[in-house]
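S.K.: As they're listed, the protein sequences go chains A and B. Under the working numbering, the first residue of the first sequence is numbered 1, with each subsequent residue one higher. Under the working numbering, the first residue of the second sequence is numbered 1001, with each subsequent residue one higher. We treat Cβ as the ideally placed atom computed from N, Cα and C, and that holds for glycine. Remember, it's a predicted structure, so these values are computed and weren't measured experimentally. Mind looking over this structure? Questions follow.
There are 2 protein chains.
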Amino acid sequence: MRARAITHATPAESIGERVRATGKRMTVQRRLVLEALQQAKHHTTAEEIASRIRRQYPQIDPSTVYRNLEALEELGLVTHTHFEDRVTRWHLADAHRHGHLICRSCGAELEVPMSLLEPLAAKLRAKHGFVADLAHSAVVGVCSACASVSSR
Amino acid sequence: MRARAITHATPAESIGERVRATGKRMTVQRRLVLEALQQAKHHTTAEEIASRIRRQYPQIDPSTVYRNLEALEELGLVTHTHFEDRVTRWHLADAHRHGHLICRSCGAELEVPMSLLEPLAAKLRAKHGFVADLAHSAVVGVCSACASVSSR
DNA sequence: GCGGTTATCGCAACCAGCCGCAATAGCGGG
DNA sequence: CCCGCTATTGCGGCTGGTTGCGATAACCGC
């Protein structure tokens, strides 16, 4: 029963191959981390992932989760974003890329299309030759709701 | 009642008054944190500040430094910026505001004028009513030197 | 100045995340 | 199908930073 349908994005089968192609191995733990990321498809924390997995496989160590996230990131399969609270959030790389706005007063999170951030990236590239990854860190500020309240 | 003159610079004396005006207290430790920030005027880490102070006053606890930085930030005397390495850097609030670019490959730090970032802030304000603080987090990416090396 | 209120301190415990190490287990070759 | 090489695991311990707590000491009013 080997690789058949190339349904959409990344069938579990091909991920394994991709991992092996770089000399890395597809372990149970690694697969579990990927599954957890797929299920909680939105920015999860490593902690979240770890505890979700441990409900079923209590022997899996948190550090294994951290190392796997890192390894999968190297492969380009997952990415992380820094939010304001000092925990890092992880998600599958193929999820469409977007920027994040975080309200420092109410904590609300907004997503904005990359197209909005792109002009700045272009400018940084032109002026400084700097290839910016604007999705990597959330933009902090004050959301419209909080801004209007505080100015009243 | 003496609080009165708010000169815009911040002579040590008036800082004390400003602190007291909000019900906070001007302690030795707090003064030491401020002094350390003045000396190392550019983005220091809390750790740096703590160890600098402890050379003279070994009994001062790191947590005190952290709490004081926070308290001083609430007063608007100090601000912090998040760099890539998850280390927070602190500086006096009156230091001129600017953006930061960080190369994820060589770690180089570039400073850019706020005017470069301003258009994005304006757009976020217009489209989402979101008042962004673009100096708060450094922009990660790849600097021109590293970019040209890796593409060769 | 003196005393009471309470912000702040130092300490110890805690948390997310990371690292070194010995044991385990994928994977490719025979 | 088995073997050996070595990536990866689980564990224990560590780091940078944060928090809860009882003790201490600024500040304000008298």
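Measure the alpha-carbon distance for residue 1124/B versus residue 117/A and round it to whole angstroms.
M.R.: Mapped onto the second sequence, residue 1124/B falls at position 124. Mapped onto the first sequence, residue 117/A falls at position 117. Looking at the two C-alpha atoms, the distance is approximately 9 Å.
S.K.: Identify which residue in 24/A, 121/A, 78/A and 135/A has its Cα closest to the Cα of residue 33/A.
M.R.: Sequence index remark: in the first sequence, residue 33/A carries index 33 (1-based). Ranking the options by Cα distance to residue 33/A, first place goes to 78/A.
S.K.: Check this for me: beta carbons of residue 1136/B and residue 1082/B, under 8 Å apart or not?
M.R.: Along the second sequence, one-based indexing puts residue 1136/B at 136. Along the second sequence, one-based indexing puts residue 1082/B at 82. Yes, the Cβ-Cβ distance between residue 1136/B and residue 1082/B is below 8 Å.
S.K.: In angstroms, rounded to a whole number, what distance separates the CA positions of residue 1068/B and residue 1030/B?
M.R.: As a working mapping, residue 1068/B is identified with position 68 in the second sequence. As a working mapping, residue 1030/B is identified with position 30 in the second sequence. When rounded, the distance between both Cα atoms is 6 Å.
S.K.: Measuring only the C-alpha atoms, how far is residue 142/A from residue 50/A?
M.R.: Counted from its first residue, the first sequence places residue 142/A at position 142. Counted from its first residue, the first sequence places residue 50/A at position 50. Cα-Cα distance, rounded: 32 Å.
S.K.: Please compile the residues from chain A whose C-beta is within a distance smaller than 8 Å of the C-beta of residue 1137/B.
M.R.: Counting from 1 along the second sequence, the entry for residue 1137/B is found at position 137. Those within 8 Å of residue 1137/B in chain A are 82, 137, 138, 139 and 140.
S.K.: Please state whether DSSP places residue 4/A in a helix, a strand or coil.
M.R.: Residue numbering aside, residue 4/A sits at position 4 when the first sequence is read from its first letter. Note on residue 4/A: pLDDT 41, under 50, position unreliable in the model; the coordinate value appears next. Residue 4/A: coil per DSSP, three-state reduction.
S.K.: Of all the CB atoms in chain B, is at least one closer than 8 Å to the CB of residue 98/A?
M.R.: To locate residue 98/A, count along the first sequence from 1; it is residue 98. Answer no: the Cβ-Cβ gap between residue 98/A and chain B never drops below 8 Å.
S.K.: Out of 73/A, 23/A and 131/A, which one is the CA nearest neighbour of residue 46/A?
M.R.: As a working mapping, residue 46/A is identified with position 46 in the first sequence. It is 73/A.
S.K.: Skipping 5 residues on each side, what residues in its chain have a beta carbon closer than 7 Å to that of residue 1087/B?
M.R.: Stepping through the second sequence from its first residue, residue 1087/B is reached at position 87. So the list reads 1045, once near-sequence residues are dropped.
S.K.: Using beta carbons (cut-off 8 Å, strictly below), is residue 147/A in contact with chain B?
M.R.: Residue 147/A sits at position 147 when you count from the first residue of the first sequence. Yes, contact with chain B.
S.K.: By Cβ distance below 6 Å, which residues in the same chain neighbour residue 106/A in space, the five residues on each side in sequence not counted?
M.R.: Residue numbering aside, residue 106/A sits at position 106 when the first sequence is read from its first letter. 146, listed in sequence order.
S.K.: Quick check: residue 1100/B and residue 144/A, are their CB atoms within less than 8 Å of each other?
M.R.: Residue numbering aside, residue 1100/B sits at position 100 when the second sequence is read from its first letter. Residue numbering aside, residue 144/A sits at position 144 when the first sequence is read from its first letter. Result no, Cβ atoms of residue 1100/B and residue 144/A do not sit closer than 8 Å.
S.K.: Under DSSP, the alpha helix (DSSP H) around residue 31/A begins and ends at which residues?
M.R.: Within the first sequence, the letter at position 31 stands for residue 31/A. Taken as a continuous stretch (DSSP letters only), the alpha helix (DSSP H) holding residue 31/A covers 28-39.
S.K.: Which residues of chain B have a Cβ atom closer than 7 Å to the Cβ of residue 131/A, listed in chain order?
M.R.: Translated into positions along the first sequence, residue 131/A becomes position 131. Per Cβ cutoff of 7 Å: 1141, 1142 and 1147.
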